[in-house]
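Read the structure below first, then the notes.
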Amino acid sequence: MESLTINSLSELQEIKAREYVHVAMRKSADEAKKYEGQTYRKNVLICGGTGCTSSSSELLISTMKDELKKKGIDNEINVVRTGCFGLCALGPIMIVYPEGSFYSRVKVEDIPRIVEEHLVNGNVVKDLLYDETVDGDNIKSLNETAFYAKQKRVALRNCGVINPEDIKEYIAVDGYKALNKVLTEMSTTEVIETVKASGLRGRGGGGFPTGLKWQFAAANQADQKYVCCNADEGDPGAFMDRSVLEGDPHAVLEAMAIAGYAIGATQGYIYVRAEYPIAVKRLQIAIKQAREYGMLGKNIFGTGFNFDIELRLGAGAFVCGEETALMTSIEGKRGEPRPRPPFPAVKGLFGKPTILNNVESYANIPRIILNGAEWFASMGTEKAKGTKVFALGGKIKHTGLVEIPMGTTLREVVEEIGGGIPNGKKFKAAQTGGPSGGCIPMEHFDIPLDYDNLISIGSMVGSGGLIIMDEDSCMVDIAKFFLEFTVDESCGKCTPCRIGTRRLLEILEKITSGNGTLEDIDKLEELCYYIKNNSLCGLGQTAPNPILSTLRYFRDEYVAHVVDKKCPAGVCKDLLSYTIDADKCKGCTACARKCPVGAISGSVKNPHTIDASKCIKCGACMATCKFGAISKQ
Amino acid sequence: MDMVNIKINGIEVSVPQGSTILEAARYAGIEIPTLCYLKKINAIGACRICVVEVKGARSLVAACVYPVNEGMEVFTNTPAVRSSRKMTLELILSNHDKKCLSCVRSGSCELQKLCNDYGVDETKFEGAVTPSEIDDSAAHLVRNNKKCILCRRCVAACREQYVSVIGANARGFDTNIGCSFEKKLAEVPCISCGQCIVACPTGALTEKDQIDEVFAAIADPKKYVVVHTAPSIRVTLGESFGMPIGTNVEGKMVAALRRLGFDKVFDTDFGADLTIMEEANEFLDRVKNGGTLPMITSCSPGWVKFAEIYYPEFIPNLSTCKSPQQMEGATIKTWYAQKNGIDPKDIVCVSIMPCTAKKFEVKRDDQSAAGVPDVDIALTTRELARMIERAGINFQLLPDEKFDSILGDSTGAGVIFGSSGGVMEAALRTAADVLEGKDLENVDYHEVRGMDDVKEATYHIGGMDVNVAVCSGLSNVAKLLDAVKAGEKNYHFIEIMCCPGGCINGGGQPIQPASVRNFVDVKGLRSKAIYEADANMPIRKSHQSPAIKVVYDEFFGEPGSHKAHECLHTSYVAREKY
Amino acid sequence: MQKRISTLPFNGTAEQKSRLDAVIAEHKSQRGAVMPVLQAAQEIYGYLPIEVQEMIAEGLGVSLEEVYGVSTFYSQFALSPKGKYNISVCLGTACYVKGSGDLLDKLVEELKIQPEECTSDGMFSLTACRCIGACGLAPVLTVNDDVYGRLVPKDIPGIIAKYRQ
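So the protein lines, in turn, are chains A, B and C. Taken in order, the first sequence gives residues 14 to 646; the numbers are from my numbering. Taken in order, the second sequence gives residues 651 to 1228; the numbers are from my numbering. Taken in order, the third sequence gives residues -9 to 155; the numbers are from my numbering.
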């Protein structure tokens, strides 16, 4: 077999030049023109991220290929399975280049029409396009839509653009050029200085300066050092790391190799959640291809630098996102955190100096090397440079991944990018940082999102989950939800987290069931500060944040639960009562028939009543009533 | 040594670099409480009771694992520290049975002491408790996880003993210490050493208490109840009555046993001398007649069970000699019973042992010289202390009394069985005399003494070089046996003790709290007392004991005789690991 | 939650054993091999009964308790077999906010089993899982590899019926 190994920059550039021809049309119409005739007539990109795969994008791809074959144009049209485009709520997503037509929620039965009308006859199927790209007769490009216009894609630059299972497409968009640059042109110190100067901070939650981490590990002498990648993204609602791994796995491999060079490590480990099968598969393919092309392994680019990567799968333990727990887990043990110091830069994996960065942090590295630290540092705020990917979810029109410059305000994210709150409801709070974070209330709606600002208001960026809540969300219930998660995921090693979080949850349960007292709120708060101050690892230290931040901004809701025995948002079942408005009730008996416990009585054509002692608050009556006569309080 | 200067509670101290805050605080005369930390065994920073404030740190830090650095300022007694420790205790108590009144560890419980010190409200947090059941399946111990605080000292101790049959299972609030697949301890390859018990800060792990059985036997007029005490008990029992570690209380111990009502008070040291007679003879026989070498001692029942489960290939290497406990019992129920016209069935032989595995050993097959078990009940040092307490005996005020003769008569060689290296040294004293054919003046074999994991020596005796090794603690033992197996080591004779340091550190010994164990060389002090006892003995070689002469002349004939084999030797079986 | 230990008799085949032996041999010299081997063993056997964990402990030279401790720490390791169809309800934030708890309640009611249990005919098992990342489709559940999104409780009987056939 012919060797695929790339030995030099010129060989890399050769592949790039050859491959770029095929991806050029995805960049811009002008680029498309340049290579007209040298490549496919059109590129059809179909999202193969987890969200779209869940809604049958694989079937779309195969149907599309069959249909093209039937029409005899399969040689003219390049069908590419990409990573995530970000707009998951609209999936499955398909984009046709060079025109950039954005088809959303595509169904299998739409495929023949798209092929016939668009790919054969050249007429975009307007009624299947994402409605925001249709402006009368005009069709807007994706980048002009509200969702994308304010975004700045650095970490996600290749997601939804290239085929993640083809290293050549990665090379076509300057892949592995940064690795070549550091190995052939830069000293290890220069690499570290560049990363430091870029101002990149850890994207996994802590926000520790990445370059500084590298510098510490580089300074420690050892016979072996390790470069680890934290792909154990576990915050409920966050999935940016998965998207990068699914859409651009080589960027992570390249960055890890660069880190290996910088600190003097020859072995890397990627610890990825086993819950991400597509990401795992793409990483496996990427590692295999990178080895074939000599981008991993011995003597990379003929420079004598050796670096290889092993994939390790998590097995369902949120705590393994904590750095020392992750390393303990790679060591094959129960993923329990270890006390620090010693820090991993001194004594990490297998007792050797180790750096651990998360996926999104790594994804930025090749661009920082190629475009320079100044370029990266020009984005963002004074203390937080670059961009951050947020996973926008909850009560918001456009759920999905958004990458925005640090310092973008929450209002911009919610109202402009996210398209606002659906069903005419009002914004109540945004939850960031998952179970380690807190809530941002309306009063901070204009806060520029960055590490320090969020910390100052009692939340944190975390890995970037951004869950929007409207007036129907009970903040005590939300706090309880996160505590349930933390209790479930506590490793059980240290006392404050193992027992303390359980007691927090029990107090919250007491409050939401209507049995709480004002003393309970005080005890809750006291216990929160204790756990924050005494826990062994970050998981425990931040576990009380969802309570502390809701207590800070929504204390009145807690008080309502314990004093008035009411849940203002109407969520906590035990505190609800359903009533029938006698004026509106027509006596149709529908509700009485629906009630599973026979709590509703009344005769035909006369107003009905609900026996509160029998009512189980299931809400079936309210959903049944056609006259809006039933309300809950 | 590089020193760093730090300030603790405003006191300036200079401490060795690499010290933890906990260690450094000692230099400033400040105690920091601990629960999960056990020096050299468990340093995991889990319980959080040792938290202190460090200037500039974001949160409180665990003093037991936090290294000091130059200029560090530490505060160990601030309101935040005190309230945190108190709340940690209150949380622990919310998942604890709080039945101190009936707990055998009441008074020696580390948790109880701290709760008292910090004035906790034991009902501050009430809520779910982790479900658990009492495991009393094993012969030697009882686990009650309702008292477990998940410090994991027992897990670390079990890992140090190589076997790791207990560990943390499940996660979070459900985390519990137990065996694989929720099996009972009797169903897993536990070697009964009891190191987990002496590591436990609370009453979650206790020896299986048999003192009621002993009181009942004493109260039974038809029973002739004999007791004998292992070599190390005399230097450890005093600790249970507040005496300094390493105090020899042999005389008071004997007096106490008489007052408890035992018909005879004998000394297992006699059995140890007897063991030397048989074992030295067996060794010489193996050397002369091409028997399996290296020969390995078999006094330690934890070690024997370990070999049977984990290294069955070494069973042929094990000396066939019964342990001193069993030899003593066998002699009582054969020679002594005959001589005094007592039916062995009416004798209840009680032993006081430093060891929980002895409770298992008495139940082994092939340990019934007179057709009844050689020893009926093996009590630990701790159980004896409780008997003395319960009987209302004021130990401190007791006079010194002597063991009953002749099964209470012994030599210095017998008493050193209590410390790692003692069996080897005792055997060498006899073997050397036999091989050289004279009464050698030197009886001190310093090379095999001390608390090192492995001690090796080569002695030129009777025209040959005898390579010996002494090893204690089963992790060390496993390494040594692997080296022997691989042919990297070539020994003639190996002494192996299950517990690190030997019987003075056995799983049945008085429990010293971590606050002592972390800063005091408990093993060293106890061992020192053993060798002092040896040095003070008029006779220091087993074969010179007049009592030994009597039993051979009257009953066993000579070492290795048919009779001796019947009564004093045993056999071993390979045991399944799963 | 304590994991349920299977009480069903172990019926591993010689073919499965030889596959596990190969996995153990492949990982024996690798550092931290316990997890990858447990993962592979679960692939082979579907769950990790004592017989399998003993082979792993013996093969890798670690104690059975250590292997068991690892297998009970991570939620993905199963000590009892899964149903032919494992129904997993996402309780991630987005799904929870959109009512996935009601889906789980409905499944408990329909299948008459609690989460982490398997129906007596071996057809269905039920689990609650964390975010699977299909937040745009919330609330979602998966049946083996099939994903169902934007569900309401009344969709549940239909989904179950589809697999009962």
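We put the beta carbon where it would ideally sit given N, CA and C, even for glycine.
Asked, Found
"Could you name the residues of chain C that leucine 326 (chain A) contacts, counting a contact when the two beta carbons are closer than 7 angstroms?", "Gln29"
"In three-state DSSP terms, what is leucine 324 (chain A)?", "strand"
"Pull out every residue of the region 668 to 682 of chain B whose Cβ sits closer than 7 angstroms to any Cβ of chain A, in chain order.", "none"
"Please list the terminal residues of the continuous alpha helix (DSSP H) segment that includes aspartate 136 (chain C).", "Run containing aspartate 136 (chain C): none in the alpha helix (DSSP H); it sits in the beta strand (DSSP E), 136 to 138."
"Pop quiz: alanine 1214 (chain B) and glutamate 900 (chain B) are said to be a contact at Cβ under 8 angstroms. What is the actual Cβ separation, rounded to whole angstroms?", "With 8 angstroms as the limit, alanine 1214 (chain B) and glutamate 900 (chain B) do not qualify as a contact, their Cβ atoms being about 28 angstroms apart."
"How would you label proline 39 (chain C), buried or exposed, when you count the other beta carbons within 10 angstroms and need 16 or more for buried?", "buried"
"So which residues on chain B does cysteine 507 (chain A) lean against when the C-beta distance must stay under 8 angstroms?", "Gly695, Ala696, Cys697 and Arg698"
"Contact between the region 142 to 152 of chain A and the region 414 to 428 of chain A is defined here as three or more beta-carbon pairs at a separation below 8 angstroms; is this criterion met?", "no"
"Below 8 angstroms on the Cβ atoms is my guess for lysine 84 (chain A) versus lysine 238 (chain A); work out the distance and round it to an integer in Å.", "Not confirmed; about 55 angstroms, so no contact."
"Using the C-alpha atoms, what's the distance from serine 548 (chain A) back to cysteine 798 (chain B)?", "19 angstroms"
"Rounded to the nearest angstrom, what separates arginine 325 (chain A) and lysine 18 (chain C) at their Cα positions?", "16 angstroms"
"Based on Cα-Cα distance, which residue from A:Asp254, A:Ala442 and A:Ile90 lies nearest to glycine 564 (chain A)?", "Per the sequence shown, residue 564 (chain A) should be read as leucine rather than glycine. Residue A:Ala442 is the option with its Cα nearest to leucine 564 (chain A)."
"What do you reckon, are the CB atoms on valine 402 (chain A) and alanine 573 (chain A) nearer than 8 angstroms?", "no"
"Using DSSP with H/G/I as helix, E/B as strand and the rest coil, what is glycine 477 (chain A)?", "coil"
"Whole angstroms are fine: how far does the CA of aspartate 1103 (chain B) sit from the CA of serine 1177 (chain B)?", "14 angstroms"
"Identify whether alanine 244 (chain A) lies in helix, strand or coil by the three-state DSSP scheme.", "strand"
"Determine whether the Cβ of serine 115 (chain C) lies closer than 8 angstroms to any Cβ atom of chain B.", "no"
"Just the C-alpha distance for cysteine 808 (chain B) and phenylalanine 933 (chain B), rounded to the nearest angstrom, thanks.", "32 angstroms"
"What residues from chain C crowd round asparagine 745 (chain B), counting only those whose CB sits closer than 9 angstroms?", "Here the premise fails: no neighbours, minimum Cβ distance about 15 angstroms."
"Which residue from B:Asn990, B:Cys697 and B:Thr918 puts its Cα closest to that of valine 715 (chain B)?", "B:Cys697"
"Given a cut-off of 8 angstroms, decide if histidine 790 (chain B) and glycine 844 (chain B) are closer than it, judged by their beta-carbon atoms.", "yes"
"Under a CB-based cut-off of 8 angstroms, is isoleucine 480 (chain A) close to chain B?", "no"
"I'd like to confirm the pairing. Which residues does DSSP put opposite glutamine 51 (chain A) in its beta bridges?", "BP columns for glutamine 51 (chain A) are empty, so no partner."
"Please classify glutamine 43 (chain C) as buried or exposed, where buried requires at least 16 neighbouring CB atoms within 10 angstroms.", "buried"
"What are the boundary residues of the beta strand (DSSP E) that arginine 94 (chain A) is part of?", "90 to 95"
"Taking C-alpha atoms, which residue in A:Val34, A:His621 and A:Ser590 lies nearest to cysteine 601 (chain A)?", "A:His621"
"Distance check for glycine 817 (chain B) and aspartate 465 (chain A), CA to CA, integer angstroms please.", "41 angstroms"
"Would you grab the beta carbon distance between serine 1069 (chain B) and glycine 1152 (chain B) for me? Rounded to a whole angstrom, and I think it's under 8 angstroms.", "5 angstroms"
"Roughly how many whole angstroms lie between the Cα atoms of glutamate 130 (chain A) and isoleucine 74 (chain A)?", "17 angstroms"
"For proline 1209 (chain B), collect the residues of the same chain with a Cβ closer than 7 angstroms to its Cβ; drop the 5 residues on either side in sequence, then sort them by chain order.", "Met927, Glu928 and Asn931"
"Do glycine 224 (chain A) and serine 213 (chain A) count as a contact pair if the criterion is CB distance below 8 angstroms?", "This sequence places leucine at residue 213 (chain A); serine is not what is there. Cβ distance < 8 angstroms, so leucine 213 (chain A) and glycine 224 (chain A) count as in contact."
"Could you pull out every unbroken alpha helix (DSSP H) segment of at least 4 residues lying fully inside the region 821 to 869 of chain B, listed in chain order?", "845 to 849 and 861 to 869"
"Could you tell me the alpha carbon to alpha carbon distance between isoleucine 656 (chain B) and valine 665 (chain B), rounded to whole angstroms?", "8 angstroms"
"Given glycine 99 (chain A), which residues of its chain have a CB within under 6 angstroms of its CB, disregarding the five upstream and five downstream residues?", "Gly413 and Leu414"
"With respect to the beta strand (DSSP E) encompassing isoleucine 1111 (chain B), which residues constitute its N-terminal and C-terminal limits?", "1104 to 1111"
"Looking at proline 71 (chain C): is its Cβ nearer than 8 angstroms to the Cβ of cysteine 108 (chain C)?", "yes"
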